[in-house]
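S.K.: Quick one: this structure, given as structure tokens, is what I'll be asking you about.
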Amino acid sequence: MQRTIFEPEHEQFRDSVRKFMQAEVGPNAERWREAGMVDREVYLKAGEQGLLCVFADEKYGGAGIDDLRFDQIIVEENMRHGDIGFYINLHNNLVAPYIHKLCNEEQKDRFMPGVVSGETILAVAMTEPSTGSDLAGMKTRAVEKGDHWVLSGAKTYISNGILGDVVVVAARTDPDRPHGISLFLVERGMEGFERGRKLEKMGLKSQDTAELFFNDVKVPQKNLIGEAGKGFKYLAQMLAQERLIAAIGFMATAQTAFDLTLEYVKERRAFGKPIGAFQNTRFKMAQMRAQLDMAQTYVDQCVMLLNDSALTAEDASAAKLLTSELEGRVMDECVQLHGGAGYMEEYRISRMFTDARISRIFAGTSEIMLEIIGRGLGLDERKMN
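As structure tokens, then:
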């Protein structure tokens, strides 16, 4: 189905992004998977190309364009022609907004130029070994000591955990309030800030996921984001965009899997004819085509709602839920239609299948998304008793 949300300037931008991904990212994907992380230089090259934080003010090197469609294009083209482990989406759309929207001018002047140029790679650390999505159960602590805070605790499953130069860290600062959380900018080289293992994962082999340890790290007051104790509110503000960005990526990978499979079933022959000529194959492909078009239309509408500051938590949760579940079904069908070849690592569809399994878990599990949508309907046991 023809997509209608893009203007000519978006399509011109897409052409340049596609060329960048094909030249600088895609050719390195296999080497990065073997290394377990991407090269730092790819962020510098993306910065030179103007692909990092297009929303950032021009004085920091950005384009000053607050239009998520440009970021949507970056995510889509990276998924199609780059490498899923190049977490430009995390850098641009999940972490940088904490600095762009919540930090004061002094903080932005310190950090944003490096973020936009690619010299400063970003990460965010919320998840802990025993808490998962339960932020109220967070054990990492920060205690105020005059001109600084003393941060102690551990985080796990942190994307960009090895490469990250500045990490937005959530820590409990008010032990008497379940949501008494604050956010801090922790910088590479701070004494007591240590990286643990680079974790081995089922998929996303080129994405560096790690444990982080904070051993009485002295974090200066100037690295506190916003006001102390309001971290939970700040995290909630960012979740809708985070989930929409995830949905954009899920749709791009599902569409890519569909395209690969359509090409394969036209060429692969069985019993004297292309397997695409069998009714089962036609019906499977037709069903996926219809579902992909419908979900893409919903995601595109969510992008426009976010641009208008009208995207609700329920809308974003629905986008994340539907697209992650659809991506999983599409990957499974596409592997099946590839037959034995779909199980072989040398075929991209095999790698995409394992990469996609995390989609129903991170940025909030499918079960959490259902809770949010259900509570939005007024079906909240906390308010119904």
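For the sequence shown, our numbering assigns the number 379 to the initial residue and increments by one for each residue that follows.
Each residue gets a CB set at the ideal place from its N, CA and C atoms; glycine is no exception.
Does the Cβ of Gln633 have 16 or more other Cβ atoms within 10 Å, making it buried, or fewer, making it exposed?
M.R.: Buried, since its Cβ has 16 or more Cβ neighbours within 10 Å.
S.K.: Between the beta-carbon of Phe592 and the beta-carbon of Gly531, is there less than 7 angstroms?
M.R.: Taking 7 angstroms as the Cβ cut-off, Phe592 and Gly531 qualify as a contacting pair.
S.K.: From the DSSP output, in three-state form, read off Tyr535 for me.
M.R.: Correct three-state label for Tyr535: strand.
S.K.: Enumerated in chain order, which unbroken segments of the beta strand (DSSP E) with a length of 3 residues or greater are wholly contained in the segment 544 to 613?
M.R.: You should have 544 to 550, 559 to 565, 571 to 576, 587 to 598.
S.K.: Compare the C-alpha of Cys712 against each of Gly654, Leu699, Lys761 and name the closest.
M.R.: Nearest C-alpha to Cys712: Gly654.
S.K.: Which first and last residues belong to the alpha helix (DSSP H) in which Val713 is found?
M.R.: It spans 691 to 716 - the alpha helix (DSSP H) in which Val713 sits, taken as one unbroken run.
S.K.: Are Arg566 and Asp543 close, meaning C-beta to C-beta below 7 angstroms?
M.R.: For Arg566 and Asp543, yes; Cβs fall inside 7 angstroms.
S.K.: My guess is that Ala357 and Arg621 are in contact by the Cβ rule of under 8 angstroms, so how many angstroms apart are they, rounded?
M.R.: Lying before the first or after the last residue shown, residue 357 is absent from the chain, which here runs from 379 to 763.
S.K.: So, at 7 angstroms on beta carbons, what are the nonlocal neighbours of Leu480 in its own chain, with the 5 sequence-adjacent residues on each side left out?
M.R.: Taken in chain order, the residues that qualify are Ile603, Gly604, Tyr612.
S.K.: Measure the C-alpha to C-alpha separation of Val473 and Val453 and round it to an integer number of angstroms.
M.R.: One C-alpha to the other measures close to 15 angstroms.
S.K.: Hey, quick one: how far does the beta strand (DSSP E) through Glu522 stretch, first residue to last?
M.R.: Glu522 -> beta strand (DSSP E) spans 519 to 523.
S.K.: If you follow the beta strand (DSSP E) that Leu500 is part of, which residue opens it and which one closes it?
M.R.: Segment 500 to 503, the beta strand (DSSP E) holding Leu500.
S.K.: Are the C-beta atoms of Glu412 and some chain B residue less than 7 angstroms apart?
M.R.: Of the chains in the structure shown, none is chain B; there is only one protein chain.
S.K.: If we call anything under 7 angstroms between Cβ atoms a contact, is Leu684 one with Leu446?
M.R.: Going by C-beta atoms, Leu684 is nearer than 7 angstroms to Leu446.
S.K.: May I ask which residues mark the beginning and end of the alpha helix (DSSP H) holding Thr732?
M.R.: Where Thr732 is concerned, the enclosing alpha helix (DSSP H) stretches over 726 to 734.
S.K.: Check this for me: beta carbons of Ser737 and Glu705, under 7 angstroms apart or not?
M.R.: Against a cut-off of 7 angstroms, the Cβ pair of Glu705 and Ser737 comes out as a contact.
S.K.: From which residue to which residue does the alpha helix (DSSP H) around Glu745 run?
M.R.: Looking at the DSSP string, the run of the alpha helix (DSSP H) that includes Glu745 is 744 to 754.
S.K.: With DSSP as the reference, identify every bridge partner of Val528, one or two as the case may be.
M.R.: In DSSP, Val528 forms a bridge with Val521, Lys596.
S.K.: From the DSSP output, which residues share a beta bridge with Pro652?
M.R.: According to DSSP, Pro652 bridges with Arg647.
S.K.: Relative to the alpha-carbon of Met682, which residue among Ala719, Gln669, Ile623 has its alpha-carbon at the smallest distance?
M.R.: Comparing Cα-Cα distances from Met682 to each of Ala719, Gln669, Ile623, the minimum goes to Ile623.
S.K.: Let's test the definition: count the other Cβ atoms within 10 Å of the Cβ of Tyr721 and tell me whether it reaches 16, buried, or not, exposed.
M.R.: Looking at its Cβ environment, which holds fewer than 16 other Cβ atoms inside 10 Å, Tyr721 is exposed.
S.K.: Please classify Ala630 as buried or exposed, where buried requires at least 16 other C-beta atoms within 10 Å of its C-beta.
M.R.: By the neighbour-count rule (16 or more Cβ atoms within 10 Å), Ala630 is buried.
S.K.: For a quick check, are the C-beta atoms of Asn456 and Ile499 less than 7 angstroms apart?
M.R.: Cβ distance not < 7 angstroms, so Asn456 and Ile499 don't count as in contact.
S.K.: What are the start and end residues of the alpha helix (DSSP H) that includes Asn685?
M.R.: Counting along the chain, the alpha helix (DSSP H) containing Asn685 begins and ends at 657 to 685.
S.K.: Would Leu513 and Val597 qualify as a contact pair, given that the criterion is a beta-carbon distance under 7 angstroms?
M.R.: Against a cut-off of 7 angstroms, the Cβ pair of Val597 and Leu513 comes out as no contact.
S.K.: Just checking my contact of Ala501 with Val432 at CB under 8 angstroms: how many whole Å lie between their CB atoms?
M.R.: Not a contact, Cβ separation roughly 20 angstroms.
S.K.: Cβ of Arg381 within 7 angstroms of Cβ of Asp678?
M.R.: Yes, the pair counts as a contact, with Cβ atoms nearer than the cut-off.
S.K.: Answer with buried or exposed for Asn601, where buried requires no fewer than 16 other C-beta atoms within 10 angstroms of its C-beta.
M.R.: Label assigned to Asn601: buried.
S.K.: Are at least three pairs of beta-carbons, each pair with one atom in the segment 722 to 730 and one in the segment 647 to 662, less than 8 angstroms apart?
M.R.: The segment 722 to 730, when compared against the segment 647 to 662, does not touch it at the 8 angstroms Cβ threshold.
S.K.: I'd like to check one pair, Gly460 with Gln547: are the Cβ atoms closer than 7 angstroms?
M.R.: At residue 547 the sequence reads Val, which differs from the Gln that was named. In this structure, Gly460 does not lie closer than 7 angstroms to Val547 by Cβ.
S.K.: Check whether the Cβ atoms of Gly425 and Gly496 sit closer than 7 angstroms, and answer yes or no.
M.R.: In contact: Gly425 and Gly496 (Cβ atoms closer than 7 angstroms).
S.K.: Check whether the Cβ atoms of Gly609 and Leu561 sit closer than 7 angstroms, and answer yes or no.
M.R.: Contact: yes.
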